[in-house]
Amino acid sequence: MFMFERAITGGRRYWTWVFCLLGVIAVGFFSYMHQLNVGLGVTGMGRDVSWGLYIAQFTFFVGVAASAVMVVLPYYLHDYKQFGRITILGEFLAIAAVIMCILFIFVDLGQPARVFNIVLYPTPWSLMFWDMISLGGYLLLNIVISLVMLTAEREEIPAPGWIRPVILLSIPWAVSIHTVTAFLYSGLPGRSFWLTAILAPRFLASAFASGPALLILFCLALRRLAGFDAGEQAIRKLAVIMTYAMTINVFFILVEAFTVLYSRIPADTEHLEYLFLGLDGNYHLVPWMWLSILFALGALTLLLVPAWRTSPVLLLVACVLVFFSLWLDKGLGMIVGGFVPSPLGSVVRYTPTLPEWSIVAGIWALGALLITMFYKIMLSVRREVGEEALAVSH
Amino acid sequence: MKITRKDFLRLSGLSFLAAGAAGAARAIAGRGSSAEGRQAAAPVRWGMVVNLEKCRKEEGCDACIGACNTAHNIPHFSDPRHEVKWIWTEPFGTVFPFSQSGYAERSDVHLPVPLMCNHCADPPCVHVCPTQATWKRDDGIVMMDWHRCIGCRYCMAACPYGSRSFNWLDPRPAIASINPDFPTRSKGVVEKCNFCEERLATGISPACVEACPEKALVFGNLADPDSEPRQLLRTRFAIQREPELGTGPSVYYLV
Amino acid sequence: MRDRIWIFAGLALFVGVATLPFWSAHGRTAGIAGVPNLQLPVRARECVAPVEYMRQSHMQLLLRWRRDVVRLDERRYVAPGGTVYQRSLTGTCLGCHNKEQFCDRCHAYAGVSGPYCWNCHNQPATRVAGASWQAEPELSAVQQAAGSAARFLNQPGNEQLSPFHGSRP
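Those sequence lines, one after another, are chains A, B and C.
All residue numbers for the first sequence refer to my numbering, where the first residue is 576 and numbers rise by one.
All residue numbers for the second sequence refer to my numbering, where the first residue is -8 and numbers rise by one.
All residue numbers for the third sequence refer to my numbering, where the first residue is 35 and numbers rise by one.
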């Protein structure tokens, strides 16, 4: 079904990896059962930091999902042929990331059995409603697109004409998912850390850096593990895109920092103080935030020098730096920093608990499993088509 | 006509989608019919005036909090992260920061101020709730439907007053003695002060108001110019919590 | 043909799993066969609706009451016979019925795993005879306003009993 059979054939290494992932997923699942039983009190969240790692991871992975547009747009709008081999990698990444996002929201719900109340009582003035629409729509678009494109590739026929408008629709849709996600936060009075018009642009910039970073890492891994060549040109182009996005992201952060720090309104500066200097004796996020800055600057240094950017090893290092810098910034500081200090000024320490981490790890592993299977299917189709072509030419 | 397996899967997928879309359309079309059939009566907007001077007369008094906790089955958790609070106190300096000179001989910044849901005229929590589990009633009370809440806690992020609590754990074991006339909550839903709407329905004033020995909490209809709170507000200088946010709190403080 | 054994084993396994509820319930249903032993209310002679209706559709009635009280602030309920009740699970239903001896027993008999009403709703501390809510209480100054709000939301028209009645808010 849907070429799924191609994902269940593989060598020893493949199955070892798959079973490792399944093991992590199982641990996450049992942790979730524990959380379901006892309540969200098993996490480190509380009345002041009422969203934690789950929502932060959700935010980060919406960005990863949206970043597929960075390969789709050049290929379909600008006819940039070099991306022909990797657009589907981006689309598959988007599918896996959106599924992870939905799961991160789901495990954050106090009453998950009632999740369909969002559909039963549609509430268009709630951004959460639009987030559901945009994420669901994006998932559907990418499933349809990748399925149609891969089938066409397998049958060696041109893709049906109707798919092009669908692909074009997916481009603004990708932008919309991360914009809506930013609007979840930036429209709240009394949360001054998020109450900034640059939040959505900043989210997009960081997404368009972290997504391509991940894609480059996947391409390098696939070349090594499966002999799949994304093409030197494509990887270099992705690196350039990542460089621009990361530069713009750092610029946006500095713009935000200037506004906050130069105006010196205490309600605004307190959040940055908490994240980067520590507030009321709470320093636990400070090293991580500076690590994020350090990684960002290190990555920018490597990326901005063309000779370094084109070196495979340095590019790999730069991608890792970009990914972790943004993961710390968005997957940790962005959400917690918005809650501390609380509207009543309390500075509360938020430490994710073991069950919380294992649920997060389980969802990560599920994402990795999906990516593994999707890429396996793609590689198997490509190999088959390639072998046939070889046979014909002989 | 021959239907392949793939066609069948596609068709069934499409019909599921169509069924879902039809359901959503029905749900949207069905909205709003409940508001019909009601007739306008004299407008009511419940509000409260907290007289801080009277409130401080008896040091350490927490009669209002105790009465509320008993009436509404508020659980007691020792971990501050899991606390559930409908009415509680915070120091004046925390509630109204930057509002004192700092040179005063007798400083109020450490004196307690009772806090509760402000039942805003334009409540941010109601804007963000994805299921309308929290909504504003015609009489101004911001309600919670614990049957509908999915526990996403968006309202907690939206409330600029920290007035909302989440049931991180099952509250029942943490309730000293259950008042059978008011439901407890289950784990995984958000709750907050409801201005004792269950008491208002039978014509009695909120539990905290009734319990205050100094009559420092004055409750009434803000839409009625002759009501007690309106009479107080006519002559006395009163402040609200963070009025600059435009939420329009219904709780006023006489300082 | 070599796969035949696997195919039939798989089919057998599937049938076994699909009919699992029947197998697993076999031991447990033995004791509660026949008519459930329910403790009926002693004082009240009539319910808020005909017994037949309540037996089949009490859940719809409860859901409607829930909506009326929580979302519409409509608490007065006029039964078909004209008796006025308060829409309240704890206050009215459990004023006559005993949860363990009535609700739980019948749910166990019907194989309905407990509804989550009881996660939050309580049993009354003491059994009060009159659950009906005939007269409105005397009102004082502040309370007059409260009463007017309550009255204006308690418009008649929604009280007539009909199984298919009810629009969702």
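Beta carbons: idealized from backbone N, C-alpha and C, even for Gly.
8 Å Cβ cutoff, residue i in contact with chain A
| i | result |
| --- | --- |
| E74 (chain B) | yes |
| N158 (chain B) | yes |
| E27 (chain B) | With a pLDDT of 42 at E27 (chain B), under the threshold of 50, the modelled position of this residue cannot be trusted, and the question is left open. |
| D161 (chain B) | yes |
| T80 (chain B) | no |
| T85 (chain B) | yes |
| L236 (chain B) | yes |
| C59 (chain B) | no |
| P121 (chain B) | yes |
| V180 (chain B) | yes |
8 Å Cβ cutoff, residue i in contact with chain B
| i | result |
| --- | --- |
| A641 (chain A) | no |
| R729 (chain A) | no |
| R36 (chain C) | no |
| Y696 (chain A) | yes |
| I934 (chain A) | no |
| H131 (chain C) | no |
| F949 (chain A) | no |
| L929 (chain A) | no |
| L716 (chain A) | no |
| T124 (chain C) | yes |
| Q168 (chain C) | Because Q168 (chain C) carries a pLDDT of 36, less than 50, the predicted location of this residue cannot be relied on, and the following value inherits that uncertainty. No, no contact with chain B. |
| E963 (chain A) | no |
| G685 (chain A) | yes |
| R79 (chain C) | no |
| I752 (chain A) | no |
| D107 (chain C) | yes |
| H22 (chain C) | Within the shown structure, residues of chain C are numbered from 35 to 203, placing residue 22 (chain C) beyond reach of any answer. |
| L919 (chain A) | yes |
| C154 (chain C) | yes |
| R121 (chain C) | no |
| A113 (chain C) | no |
Residue from the options with nearest C-alpha to residue i
| i | options | result |
| --- | --- | --- |
| L123 (chain C) | C:Y143, C:R139, C:I41, C:V104 | C:V104 |
| A874 (chain A) | A:F833, A:L847, A:L860, A:T818 | A:T818 |
| A775 (chain A) | A:F899, A:P787, A:G762 | A:G762 |
| F658 (chain A) | A:L668, A:E666, A:V646 | A:V646 |
| E807 (chain A) | A:T885, A:R839, A:V750 | A:T885 |
| A202 (chain B) | B:G38, B:T61, B:V35 | B:T61 |
| L611 (chain A) | B:V86, B:W159, B:E219 | B:W159 |
| V41 (chain B) | B:P220, B:N64, B:E235, B:F89 | B:P220 |
| L836 (chain A) | A:F851, A:N824, A:I823 | A:F851 |
| H118 (chain B) | B:A149, B:A229, B:P88, B:S98 | B:A149 |
| L929 (chain A) | A:G736, A:A582, A:G619 | A:G619 |
| R588 (chain A) | A:E848, A:L800, A:V915 | A:L800 |
Cβ-Cβ separation, residue j to residue i (assumed contact under 8 Å), whole Å
| i | j | result |
| --- | --- | --- |
| G179 (chain B) | G237 (chain B) | With 8 Å as the limit, G179 (chain B) and G237 (chain B) do not qualify as a contact, their Cβ atoms being about 31 Å apart. |
| H846 (chain A) | G912 (chain A) | 5 Å |
| I946 (chain A) | W626 (chain A) | With a Cβ gap of about 26 Å, I946 (chain A) and W626 (chain A) do not count as contacting. |
| M608 (chain A) | L941 (chain A) | Between L941 (chain A) and M608 (chain A) the Cβ distance is about 15 Å, and since that is not below 8 Å, they are no contact. |
| V181 (chain B) | C146 (chain B) | 6 Å |
Cβ of residue i within 8 Å of any chain C Cβ
| i | result |
| --- | --- |
| S177 (chain B) | yes |
| R128 (chain B) | yes |
| I166 (chain B) | no |
| I65 (chain B) | no |
| H138 (chain B) | yes |
Residue i: CB within 7 Å of a non-hydrogen atom of the ligand SAH
| i | result |
| --- | --- |
| F793 (chain A) | Inclusion of the ligand SAH in the displayed structure is not the case, the ligand content being empty and no account of it being possible. |
Next item on the list: Please confirm if the segment 151 to 158 of chain B is in contact with the segment 190 to 206 of chain B, defined as three or more CB-CB distances below 8 Å between the two stretches.
Entry: no
Note to self: Would you call the segment 736 to 745 of chain A in contact with the segment 716 to 724 of chain A, where contact means no fewer than 3 C-beta pairs closer than 8 Å?
What the structure shows: yes
Item checked: Runs of alpha helix (DSSP H) wholly within the segment 153 to 196 of chain B (minimum 4 residues, chain order) -> Counting whole runs of 4 or more residues, the segment 153 to 196 of chain B contains the alpha helix (DSSP H) stretches 188 to 191.
Margin query: Does the structure place the segment 624 to 641 of chain A close enough to the segment 678 to 698 of chain A that three or more beta carbon pairs sit under 8 Å?
Written below: A contact exists between the segment 678 to 698 of chain A and the segment 624 to 641 of chain A.
Note to self: Quick test of the definition: if touching needs 3 or more C-beta pairs under 8 Å, does the segment 702 to 714 of chain A touch the segment 130 to 138 of chain B?
What the structure shows: Too few Cβ pairs lie closer than 8 Å, so no.
Check: Unbroken beta strand (DSSP E) runs of length 3 or more, entirely within the segment 33 to 121 of chain B: which are they?
Finding: 37 to 42, 79 to 82, 103 to 106, all fully within the segment 33 to 121 of chain B.
Note to self: Within 8 Å, do at least three Cβ pairs link the segment 183 to 193 of chain B to the segment 120 to 134 of chain B?
What the structure shows: The segment 120 to 134 of chain B and the segment 183 to 193 of chain B touch, with no fewer than 3 CB-CB distances between them shorter than 8 Å.
Check: Just checking, does the segment 614 to 623 of chain A make contact with the segment 779 to 786 of chain A on the three C-beta pairs under 8 Å criterion?
Finding: no
Next item on the list: Report yes or no: do three or more beta-carbon pairs, one from the segment 213 to 223 of chain B and one from the segment 100 to 108 of chain B, lie closer than 8 Å?
Entry: no
Margin query: Below 8 Å, how does it come out for the segment 861 to 881 of chain A and the segment 892 to 911 of chain A: are there three or more Cβ pairs, yes or no?
Written below: yes
Margin query: With three or more C-beta pairs closer than 8 Å as the rule, is the segment 113 to 122 of chain B touching the segment 37 to 55 of chain C?
Written below: no
Notebook entry, point to check: Quick check: the segment 920 to 940 of chain A against the segment 585 to 605 of chain A, are there 3 or more CB pairs under 8 Å?
Noted result: Output reads yes: the segment 585 to 605 of chain A touches the segment 920 to 940 of chain A.
Check: Between the segment 165 to 174 of chain B and the segment 64 to 76 of chain B, are three or more C-beta pairs nearer than 8 Å?
Finding: yes
Next item on the list: Indicate whether the contact test is met: 3 or more Cβ pairs, each with one atom in the segment 238 to 246 of chain B and one in the segment 109 to 117 of chain B, closer than 8 Å.
Entry: Touching, per the Cβ criterion.
Next item on the list: Could I get the ranges of all uninterrupted alpha helix (DSSP H) runs contained in the segment 707 to 781 of chain A, with 4 residues as the minimum, in chain order?
Entry: The alpha helix (DSSP H) runs of length 4 or more contained entirely in the segment 707 to 781 of chain A are, from start to end of the chain, 738 to 761.
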